[in-house]
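Trainee: Going line by line, the protein sequences match chains R and Z. So the first sequence is numbered by the working numbering: it starts at 453 and just counts up by one. So the second sequence is numbered by the working numbering: it starts at 7 and just counts up by one.
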Amino acid sequence: MKTFISKYRFLIARRITQVSIMVLYVIANVYGINFLMGNLSSSLLLGLVPLSDPYAVAQMFVAGAVLSFDVLLGAFLIILFYMTIGGRAFCSWVCPVNIITDAANYLRRKFGFNQIQKKQPASRNIRYWVIATSLVISFFMGIAAFEFISPISMVHRGIIFGLGFGWASMLVIFLFDLFVLKNGWCGHICPLGGAYSLIGKFSFIRVHHKHDNCTACMKCKEVCPEVQVLHIITKESKPITGKECTNCGRCVEVCDDEALNFSIKNLKKEKQNEVQ
Amino acid sequence: MSNINPQSKKESKMKTSVREPMSERRKFFLSVARATGLAILGGLTWSAYVSEVTAKELILRPPAALDEKDFLATCIKCGMCVEACPFDTLKLAKPGDNKPLGTPYFEPRDIPCYMCPDIPCVPVCPTGALDIKSVQNEKKELDIAKADMGVAVIDDNSCIAFWGIQCDACYRACPLLGEAISVEYTKNERTGKHAFLKPVIHADVCTGCGLCEKACVTEKAAIFVLPRKVAEGKAGDYYIKGWDKNDEKRLESATSQENTTEINKKSAIDSLNSGMEDLY
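Put into structure tokens, the structure is as follows:
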């Protein structure tokens, strides 16, 4: 039997990270303790290191804004981190919207909404179309198009600088994910998640599947928010290479058979598999 | 009924069996067409919304902000100017404020800009949407007097100084005392023995900080800051100040265009006898 903590170790760690990042932003704004200034669109770490949302910067670039050195460096650092280490970890370890959609998904499972609506009639590639559309609109209208409608920004900006009617957008996402589409926002539509999927495609930290240990209980597939990345479960021993994997670690902690674990992507083994 | 039903079922079965399964190629084109159509549908709705929300002209930006259009393209909405402001003047537009979402602004009647000499809100801007060069003098020193957040205007119907009541609240509150607002003395003809002390705004000096608006004693401020674009008119290029040597220089590169009008050759008296035809 697993203890409660080990069964939820990544979930707890993720919630702590998500909440403490928000707390750092809030204390910088409210008390002037400037460990981390700004918000998730652009921040200043320790009064020195600029960090910027690469998707927002891409939209600004397309919109024709003259990009400053700081914002380019900030986007570069973020891209570097997620491209080499984090993968799509932004979504499950940083983004506060993840807490809302996880809650919706939990209730979906608990109340059994998944049983009355088994087919999900939407493509998980919508997010890439949204990215393309946002860039086209940004180009023609000369503004960063997604930044004016982004519920993600409404939420983190709301937490740090005051919410206004931002609670409504939180509720919209919650209800959408609960009643309309399973993993609707984060797993289908959100272009920021799409951008981080593309950035983190080749990152080194990956969940690895040990086929020999797997008992095909399918617990991992039940909790995974991007279930298509787990297509190799029960089939082969390989790292999960699907770019939409958010490295949330839910599959690792629900697995009772040690068949899933985080490790550094083992390229050698992968190649061997391909040869076989 | 029972005769017809099996037959029609057979027919429909035959029909479906005749129809060839859709080729992969066709499926691919159809799904691309569908996705493109949906993207256009969503994109048009989206851009209509964005165009609406960014059309707000009546918004005052932090000092050193770029032109509104460039500002909207360049501001990343991080709120670091808001954090840097020691007076909590600056706010980020929230849903419900009906302003371009997430962009910084201020409302002078609530909290004006106190024109800090070190302008803390500007250097922190990571994108240059607040352009530090626009508030620097030739020696690269910060000079908040060069800021241009807007311009104050007076509604002289509600300004009590224009009624003849002595009030110089705005004049005293102005951080560029005597430069951006001066007081003009004119005779009060109503009483015959008093003076009007009328505030006059010098738009070329005014930074739009809004300390006057904050200080104004009337129920709703009689002096208030508007974005320069909203408050100012434009004479147009075709007026040249003949007494201004610099303005006269514009004539040097001017190209001329002559207009000729047919002059009525009839005499003026004939015109009076013409039954007023010419006049109307």
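Where is the CB? At the ideal position from N, CA and C, for every residue including glycine.
Indicate whether at least one CB of chain R lies closer than 9 Å to the CB of residue 89/Z.
Mentor: yes
Trainee: May I ask you to list the residues that DSSP assigns as paired with residue 160/Z?
Mentor: Assignment of beta-bridge partners to residue 160/Z by DSSP yields 229/Z.
Trainee: Measure how close the beta-carbons of residue 56/Z and residue 593/R come, nearest whole angstrom, since I'm counting them as under 8 Å.
Mentor: 6 Å
Trainee: Does any residue of chain R bring its CB to less than 9 Å from the CB of residue 70/Z?
Mentor: With a threshold of 9 Å between beta carbons, residue 70/Z makes no contact with chain R.
Trainee: Going by beta-carbon coordinates alone, are residue 527/R and residue 504/R separated by less than 9 Å?
Mentor: yes
Trainee: Residue range of the alpha helix (DSSP H) that residue 670/R falls in?
Mentor: Where residue 670/R is concerned, there is no enclosing alpha helix (DSSP H), given that its DSSP letter is neither H nor E.
Trainee: Would you say residue 169/Z faces chain R, with C-beta separation under 9 Å as the test?
Mentor: no
Trainee: Kindly indicate if chain B contains any beta-carbon less than 9 Å away from that of residue 500/R.
Mentor: Reference to chain B is not applicable here, since the protein chains of this structure are R and Z.
Trainee: Compile a chain-ordered list of the residues in the region 628–656 of chain R whose CB is closer than 8 Å to at least one CB of chain Z.
Mentor: Those residues of the region 628–656 of chain R placed with their C-beta closer than 8 Å to a C-beta in chain Z do not exist.
Trainee: So that I know if they touch, is there some Cβ in chain Z lying closer than 9 Å to that of residue 601/R?
Mentor: yes
Trainee: Against residue 86/Z, what residues of chain R qualify as contacts under a CB-to-CB distance less than 7 Å, listed in chain order?
Mentor: 489, 490, 496
Trainee: Would residue 82/Z and residue 555/R qualify as a contact pair, given that the criterion is a beta-carbon distance under 9 Å?
Mentor: no
Trainee: Whole angstroms are fine: how far does the CA of residue 114/Z sit from the CA of residue 60/Z?
Mentor: Taking the straight line from one Cα to the other gives about 21 Å.
Trainee: By DSSP, does residue 562/R sit in helix, in strand, or in coil?
Mentor: helix
Trainee: Can you list, in chain order, the residues of the region 95–113 of chain Z whose Cβ is nearer than 7 Å to any Cβ on chain R?
Mentor: Within the region 95–113 of chain Z, the residues whose Cβ lies closer than 7 Å to some Cβ of chain R are 98, 100, 101, 102, 103, 106, 107, 108, listed in chain order.
Trainee: How would you write the range of the alpha helix (DSSP H) that residue 658/R sits in, first residue to last?
Mentor: Per DSSP, residue 658/R belongs to no alpha helix (DSSP H); it is in the beta strand (DSSP E), 657–661.
Trainee: Which residues in chain R have a C-beta closer than 7 Å to the C-beta of residue 125/Z? List them in chain order.
Mentor: Those within 7 Å of residue 125/Z in chain R number zero; the least Cβ separation is about 17 Å.
Trainee: What are the boundary residues of the beta strand (DSSP E) that includes residue 631/R?
Mentor: It is not in any beta strand (DSSP E) - residue 631/R carries neither H nor E in the DSSP assignment.
Trainee: Within 9 Å of any Cβ in chain Z, is that where the Cβ of residue 605/R sits?
Mentor: yes
Trainee: Mapping DSSP to helix, strand and coil, what is residue 112/Z?
Mentor: coil
Trainee: Just grab the DSSP bridge partners of residue 190/Z for me.
Mentor: 204/Z
Trainee: Taking only three categories from DSSP, how would you classify residue 714/R?
Mentor: strand
Trainee: For chain Z, find out if any of its Cβ atoms is closer than 9 Å to the Cβ of residue 510/R; answer yes or no.
Mentor: no
Trainee: Check distances from the C-beta atoms of the region 607–627 of chain R to those of chain Z and list, in chain order, the residues that come in under 8 Å.
Mentor: 609, 610, 612, 613, 614, 615, 616, 617, 618, 620, 621
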